[in-house]
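For reference, the structure is listed below as structure tokens.
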Amino acid sequence: MKNKDFYQLLKKNRRETNGFQYTVPAPGAYPYQWLWDSCFHAIILTHYKINDAKNEIVSLLSKQFENGMIPHIIYWDKKLPGSFPRIIWGKNHTSTITQPPMLAYAVWQIFQKDKDSLFVKKVYSNLYHFYRYLLTERDPHTNHLIGIMNPDESGEDNSPRFDFALNLPPNHTLKENTKKRMHLVKQNIECHFDAPFCMRNFFWVKDVPFNVIMVENLRLLVQLATSLGYSEDAKFFDEQREKIIEAMKKFMYEDDLFWSTFGEDYQKIKIKTWAIFAPLFAKILNQKQAQNLVEKHLLNPKEFWTEFPVPTTSLDEPSFDPSGYWRGPTWIGTNWFIYKGLQNYGFNSIAEEIKRSSVNLLQKSGFREYFNPQTGEGLGAMQFSWCGLVADMD
Ligand code: GLC
1 MKNKDFYQLL KKNRRETNGF QYTVPAPGAY PYQWLWDSCF HAIILTHYKI NDAKNEIVSL
61 LSKQFENGMI PHIIYWDKKL PGSFPRIIWG KNHTSTITQP PMLAYAVWQI FQKDKDSLFV
121 KKVYSNLYHF YRYLLTERDP HTNHLIGIMN PDESGEDNSP RFDFALNLPP NHTLKENTKK
181 RMHLVKQNIE CHFDAPFCMR NFFWVKDVPF NVIMVENLRL LVQLATSLGY SEDAKFFDEQ
241 REKIIEAMKK FMYEDDLFWS TFGEDYQKIK IKTWAIFAPL FAKILNQKQA QNLVEKHLLN
301 PKEFWTEFPV PTTSLDEPSF DPSGYWRGPT WIGTNWFIYK GLQNYGFNSI AEEIKRSSVN
361 LLQKSGFREY FNPQTGEGLG AMQFSWCGLV ADMD
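Residue numbers for the sequence shown follow UniProt numbering, so the first one is 1 and each next one is one higher.
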């Protein structure tokens, strides 16, 4: 596998509509533009063609809502033959929910490559309004944890972390899961996607990776604001970042792990998924906690250290299913988060093993959407763009 293979993959998946350029996650299965996928694509593209990375972001921002929200899907071309069912999330051209806020990270990485502060200036106000939206509309109780109103907002649609909130048993079919999630969409449409109302009444979940991603992205938003001389903004976002970290420690941490929570009383959802490693990405743990986490859980063959790590759900969970979408398979995106997290703590040789294993998977099974963590079998969509994240494991 050569480095240029990843660029070829993204090039094949590149599209242009009405002058907007973007990369589709996979031509057949996902023929539109997705929010966190595009942030990943921009990160990958910084290694090849910086202008493509910038254009990817500009396209995403072009459909930002009045209230600052950025939708998780933009249906640039509605007539495509792809197999993805175009769900009507209350609007015609975009969805009406969001996805993990990786935007500031992507823009920061672009800025690191060419120091083009004009580009940062051009996109800054969009970023400002997006993160402000999340801090206000998604934290109606001002307890400083950001909420999601549908599992799909986590980017991990059918993860077992959401079974409890959806009132599903550990073992159920994808069809049953989708039915529940689509019912939520219906409720969201009925309440006009008023986020505080929708969350409080139908899906009151504070998810660990979403909040971790928020923390890390606020850190970089602070740097972006500082680079433009916006010191008031920098101060504000830095304070908010600290508050989320404090709230995570207060409401999510127990038995040495961070858990997603449900309901107004922050009931911990104690299902071991890759999310227990997510806090490494934003350096929320101290060195000792990180070491325990890695030794006890990541390197444990009964939990996450499989033939092709890292499975998205622990082997000892009753919900573990090696081919069940987000219920067990290894995804390159989650491996990327873990890889970066391990580097934060100097666990470089374990990070290298994750990279090696990710490359092995791609060599063995191609650019697939996800992989069986025990056999390495490729599953889901073909020609899946975020496999290119391996190019950013450096
Ligand atoms: C699926 C994934 C989500 C991704 C989308 C497009 O819905 O769960 O994370 O953004 O496909 O690739």
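From the three backbone atoms N, C-alpha and C, an ideal C-beta is built for every residue, glycine too. What you are looking at is a predicted structure, and each value in this text was computed from that prediction instead of being measured.
For the ligand GLC, is there any heavy atom lying closer than 8 angstroms to the beta carbon of residue i?
{"i": "proline 25", "result": "yes"}
{"i": "glutamate 156", "result": "yes"}
{"i": "tryptophan 36", "result": "yes"}
{"i": "tryptophan 386", "result": "yes"}
{"i": "tyrosine 22", "result": "no"}
{"i": "glutamine 99", "result": "yes"}
{"i": "aspartate 152", "result": "yes"}
{"i": "glutamate 56", "result": "no"}
{"i": "histidine 72", "result": "yes"}
{"i": "alanine 381", "result": "yes"}
{"i": "tryptophan 89", "result": "no"}
{"i": "residue 395", "result": "The first residue shown for the chain is 1 and the last is 394, placing residue 395 beyond what the model contains."}
{"i": "tryptophan 326", "result": "yes"}
{"i": "tyrosine 30", "result": "yes"}
{"i": "glutamate 216", "result": "no"}
{"i": "glutamate 353", "result": "no"}
{"i": "glutamate 137", "result": "no"}
{"i": "glutamate 232", "result": "no"}
{"i": "glutamate 369", "result": "yes"}
Buried or exposed: residue i, going by 16 or more other Cβ atoms within 10 Å of its Cβ?
{"i": "aspartate 152", "result": "buried"}
{"i": "glutamate 295", "result": "exposed"}
{"i": "glutamate 176", "result": "exposed"}
{"i": "serine 357", "result": "buried"}
{"i": "methionine 382", "result": "exposed"}
{"i": "glutamine 109", "result": "buried"}
{"i": "lysine 63", "result": "buried"}
{"i": "serine 319", "result": "buried"}
{"i": "arginine 173", "result": "For the record, residue 173 in the displayed sequence is threonine; it is not arginine. Classification of threonine 173: exposed, given that the 10 Å Cβ count is below 16."}
{"i": "glutamine 112", "result": "exposed"}
{"i": "serine 154", "result": "buried"}
{"i": "histidine 297", "result": "buried"}
{"i": "glutamine 33", "result": "buried"}
{"i": "leucine 342", "result": "buried"}
{"i": "glutamate 369", "result": "buried"}
{"i": "glutamine 287", "result": "exposed"}
{"i": "proline 25", "result": "buried"}
{"i": "asparagine 126", "result": "buried"}
{"i": "threonine 142", "result": "exposed"}
{"i": "serine 349", "result": "exposed"}
{"i": "asparagine 92", "result": "exposed"}
{"i": "asparagine 372", "result": "buried"}
{"i": "aspartate 114", "result": "exposed"}
{"i": "asparagine 150", "result": "buried"}
{"i": "glycine 378", "result": "buried"}
{"i": "glutamate 16", "result": "exposed"}
{"i": "aspartate 256", "result": "exposed"}
In chain order, what residues of the same chain lie with their CB nearer than 7 angstroms to the CB of residue i, ignoring the 5 residues before and after it?
{"i": "leucine 45", "result": "Leu10, Asp52, Ala53 and Glu56"}
{"i": "glutamine 363", "result": "Met1"}
{"i": "tryptophan 336", "result": "Leu389, Asp392 and Met393"}
{"i": "proline 196", "result": "Glu137 and Pro140"}
I'd like the list of long-range same chain contacts for residue i, defined as Cβ closer than 8 angstroms, with 5 residues on each side in sequence excluded.
{"i": "aspartate 316", "result": "Lys272, Lys302 and Glu303"}
{"i": "isoleucine 146", "result": "Leu134, Leu135, Arg138, Asp139, Lys206, Phe210, Asn211, Met214 and Ile244"}
{"i": "lysine 12", "result": "Pro27 and Gln383"}
{"i": "phenylalanine 20", "result": "Asn55, Val58, Ser59, Ser62 and Trp76"}
{"i": "asparagine 360", "result": "Phe308 and Gly376"}
Give a single yes or no on whether residue i has its beta carbon closer than 8 angstroms to a heavy atom of the ligand MN.
{"i": "glutamate 317", "result": "The model depicted lacks the ligand MN and carries the ligand GLC instead."}
Apart from the five residues just before and just after residue i, which ones in its own chain have a Cβ nearer than 6 angstroms to its Cβ?
{"i": "arginine 14", "result": "Thr23"}
{"i": "threonine 96", "result": "Trp89, Gly90 and Phe193"}
{"i": "methionine 69", "result": "Thr98 and Tyr133"}
{"i": "isoleucine 43", "result": "Ala106, Gln109 and Asp392"}
{"i": "lysine 270", "result": "Trp259"}
contact_flag[the region 278 to 293, the region 233 to 240] where n(CB pairs < 8 angstroms) is 3 or more:
The region 278 to 293 vs the region 233 to 240: no contact.
Count the C-beta pairs between the region 286 to 295 and the region 218 to 230 that are closer than 8 angstroms, then say yes if the count reaches three, no if not.
The region 286 to 295 is not in contact with the region 218 to 230.
With three or more C-beta pairs closer than 8 angstroms as the rule, is the region 156 to 163 touching the region 326 to 344?
yes
Count the C-beta pairs between the region 181 to 190 and the region 250 to 258 that are closer than 8 angstroms, then say yes if the count reaches three, no if not.
Because the criterion of three Cβ pairs below 8 angstroms is not met, the region 181 to 190 and the region 250 to 258 do not touch.
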